[in-house]
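Residue numbers (the UniProt record's numbering): 1 to 80. Worksheet for the structure shown next.
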């Protein structure tokens with residue numbers, strides 16, 4: 001008698017866990033679908049320009065060339 005009660009209790013517990021698992025999987029599926037719809041409807045925004053790029057765009061070509069050469073020299077002298 002006790003053995004059957006224990007089996008019944010475990011079976012009920014497992015069935016409730018399975019039902020919870022199924023509900024959670026369904027909510028995950030619905031939410032992933034919503035996320036996909038939101039991402040597809042949203043227009044992609046370009047990343048903002050970095051300050052160094054903005055600065056380089058507003059510098060004369062000679063100054064740009066000098067800066068690039070100075071940076072290359074610095075990189076070569078850095079310890080590895």
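Note that beta-carbon positions come from the ideal geometry of N, C-alpha and C, so glycine has one too.
query, result
"Alpha-carbon to alpha-carbon, residue 1 and residue 7", "10 Å"
"Inter-residue Cα distance where the pair is residue 76 and residue 68", "12 Å"
"Secondary structure of residue 21, DSSP reduced to three states", "helix"
"Residue closest to residue 41, alpha-carbon to alpha-carbon, out of 48, 33 and 47", "33"
"Whole-angstrom distance between residue 27 and residue 9, CA atom to CA atom", "27 Å"
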